[in-house]
Amino acid sequence: MFTIIKLAIRNVFRNKGRTALTCGAIGFGVWMTMLLGGFVYGLTGIIVDDVILGRTGALQVHKRGYDNVKDNLPLDFDMEYGGELRKKIQGIAGVTAVTGRILFAGSLNNGMRNTFVIGNAHDAEHEYQVCPSANRGLLGQALTPKVETKGMVGFELAEALGAKLGASMVVQAAAKDGQQNAMDLEMAGTVNNNLPIESKRMVYVPLAMAQQLLKLPGRVTEYAIAIDDRERLPDIAADMQRQLGPDYHVQTWFELRPQVLDIVKTQRVVLLSVCLVFLIIAVIGVMNTMLMAVLERTREIGTMMAVGIRRKLITGLFLAEAAVMAVLGIGTGCALGFGVIAWVVYRGGFAVTPPGSKAIVQLQPYVPDWLVLLVVCATALATVLAAVYPAWRASRLRPVEALRAV
Numbered sequence: 180m181f182t183i184i185k186l187a188i189r190n191v192f193r194n195k196g197r198t199a200l201t202c203g204a205i206g207f208g209v210w211m212t213m214l215l216g217g218f219v220y221g222l223t224g225i226i227v228d229d230v231i232l233g234r235t236g237a238l239q240v241h242k243r244g245y246d247n248v249k250d251n252l253p254l255d256f257d258m259e260y261g262g263e264l265r266k267k268i269q270g271i272a273g274v275t276a277v278t279g280r281i282l283f284a285g286s287l288n289n290g291m292r293n294t295f296v297i298g299n300a301h302d303a304e305h306e307y308q309v310c311p312s313a314n315r316g317l318l319g320q321a322l323t324p325k326v327e328t329k330g331m332v333g334f335e336l337a338e339a340l341g342a343k344l345g346a347s348m349v350v351q352a353a354a355k356d357g358q359q360n361a362m363d364l365e366m367a368g369t370v371n372n373n374l375p376i377e378s379k380r381m382v383y384v385p386l387a388m389a390q391q392l393l394k395l396p397g398r399v400t401e402y403a404i405a406i407d408d409r410e411r412l413p414d415i416a417a418d419m420q421r422q423l424g425p426d427y428h429v430q431t432w433f434e435l436r437p438q439v440l441d442i443v444k445t446q447r448v449v450l451l452s453v454c455l456v457f458l459i460i461a462v463i464g465v466m467n468t469m470l471m472a473v474l475e476r477t478r479e480i481g482t483m484m485a486v487g488i489r490r491k492l493i494t495g496l497f498l499a500e501a502a503v504m505a506v507l508g509i510g511t512g513c514a515l516g517f518g519v520i521a522w523v524v525y526r527g528g529f530a531v532t533p534p535g536s537k538a539i540v541q542l543q544p545y546v547p548d549w550l551v552l553l554v555v556c557a558t559a560l561a562t563v564l565a566a567v568y569p570a571w572r573a574s575r576l577r578p579v580e581a582l583r584a585v
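Just so you know, we're using the numbering used here here: the sequence shown kicks off at 180 and counts up by one.
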């Protein structure tokens, strides 16, 4: 075996130009796959973090039945806030923070225009413990527990209304009993929505203000929850559902935002498809190189057979040569891929604008271990398999005819 490997290494470097071209094709495929994988998973991380750390939290709790009519933003599925329920949720293993919210439908009037809005009232004291990135892309001031008359408006909505920071507005909404109420609101800030699936008509107000506006003192319509380990998310959700009982419905972030999960899955399918294309290119390159080697070394093969070398050893020799080129190409591609990714991370990533958003975020490329293992194993296997036919063809040559070859 050791002799076969030594011969394979010698033969690989006999034609340095062709070897460099073949190894370059393999390395290029591995390198590009790693770069694309780093970009895709970096972008996926931004999207998932934006949802978990800036929108929904890892988990949410609603009254049973709320999910069936959530698009109507009902107020009659309210829950107590600050009492035993919150303490019970906070005491579940794995939970690190809990906050309450009220989502409601209403209208916003700036004195010139009146438009439909979706209100998001949250407890500023605890909201940023659950969603620390909630104010990413904020211009102006965030909500604070001490000020109950200032709010934030979505950037696109503020532009449509022609409103500037500090503008006075009126929020109007129907209370739980159906009565129309209105309250003054000062626009303290504007918020960019990074995801195109998020509503562009969001208005963020203090929880105390919404409780007064909607006549829901001490009540909320949803709890948002942060956890300590995302890998344990299904287990924590199941434990929470068991402890809270059938009157409440516990949902994970991907149940709340299935569109985001679809985006992530689509990106991974595209990534694997591109990997397959690069793999096919590498296979074609290796097969072409090995077939050329068989044609050029026909007399050499005939001589080896004439001195008694078995056909299976000749097959093994060509497969070993393919394996050597696979090692060289994969090693080069991995070195370049990790090198470029490490350099980009060292420089702080690069700025990207998510589709449908005006917010600029820093993308940190990341390649998961399983993807590296998949690329390395698939490329190595494909390279060796690509050499099977040329190796078989070499072993099928007849010694006399091979020796006569020019």
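Glycine is no exception: its CB is placed at the ideal position from the N, C-alpha and C atoms.
Per DSSP, cross-strand counterpart(s) of residue i
i, result
"Arg398", "Glu259"
"Leu322", "For Leu322, which the question treats as bridged, DSSP gives no partner whatsoever."
"Pro385", "His301"
"Ser347", "Glu365"
"Gln430", "Gln239"
"Thr294", "Leu287"
"Met331", "Gly368 and Tyr383"
"Ala596", "Not covered by the structure: residue 596. The range shown for the chain is 180 to 585."
"Leu542", "Phe529"
C-alpha distance - residue i paired with residue j, whole-angstrom precision
i, j, result
"Ala120", "Gly368", "This structure cannot speak to residue 120, because the chain is shown only from 180 to 585."
"Ala403", "Leu515", "42 Å"
"Lys329", "Leu364", "6 Å"
"Gly487", "Gly221", "56 Å"
"Ala594", "Val462", "Residue 594 is absent from the model: the chain starts at 180 and stops at 585."
"Ser286", "Cys513", "55 Å"
"Gly244", "Glu434", "15 Å"
"Lys379", "Gly316", "14 Å"
"Leu215", "Val554", "12 Å"
"Val585", "Arg490", "Bear in mind that a pLDDT of 48 at Val585, under 50, signals an unreliable position, so the model cannot answer this."
"Pro396", "Asp255", "13 Å"
"Ser574", "Thr494", "6 Å"
Residue nearest to residue i in terms of C-alpha spacing, selected from the options
i, options, result
"Ile415", "Gly270, Cys556 and Lys266", "Gly270"
"Val384", "Ile281, Asp418 and Ala339", "Ile281"
"Asn299", "Leu344, Gly279, Arg315 and Gly290", "Gly279"
"Val350", "Ala313, Asn314, Glu304 and Gly290", "Gly290"
"Leu560", "Pro569, Ala502 and Arg572", "Ala502"
"Leu162", "Ala570, Thr562 and Val523", "The chain is shown from 180 up to 585; residue 162 falls before or after that span and cannot be answered."
"Leu550", "Leu392, Gly233, Leu238 and Phe218", "Phe218"
"Tyr427", "Asn194, Ile231 and Leu238", "Leu238"
"Val563", "Gly510, Ala521, Gly262 and Met466", "Met466"
"Thr264", "Val240, Asn251, Ala272 and Asn247", "It is worth fixing the name first, because residue 264 is Leu in this sequence and not Thr. Closest by alpha carbon: Val240."
Start and end residues, alpha helix (DSSP H) containing residue i
i, result
"Tyr525", "Arg490 to Tyr525"
"Gln446", "Pro437 to Glu475"
"Ala559", "Asp548 to Ala565"
"Ala354", "Note, Ala354: premise wrong, no alpha helix (DSSP H); not H, not E."
Exposed unless 16 or more other CB atoms sit within 10 angstroms - verdict on residue i
i, result
"Asn293", "exposed"
"Tyr525", "exposed"
"Phe295", "exposed"
"Leu498", "buried"
"Trp210", "buried"
"Ser347", "exposed"
"Trp432", "buried"
"Ile539", "exposed"
"Asp198", "Here residue 198 turns out to be Thr, not Asp, going by the sequence shown. By the 10 Å Cβ count, Thr198 comes out buried."
"Glu338", "exposed"
Residue i: first and last residue of the uninterrupted beta strand (DSSP E) it sits in
i, result
"Ala284", "Val274 to Asn288"
"Leu608", "With the chain represented from 180 up to 585, any question about residue 608 goes unanswered, as that position is not in the structure."
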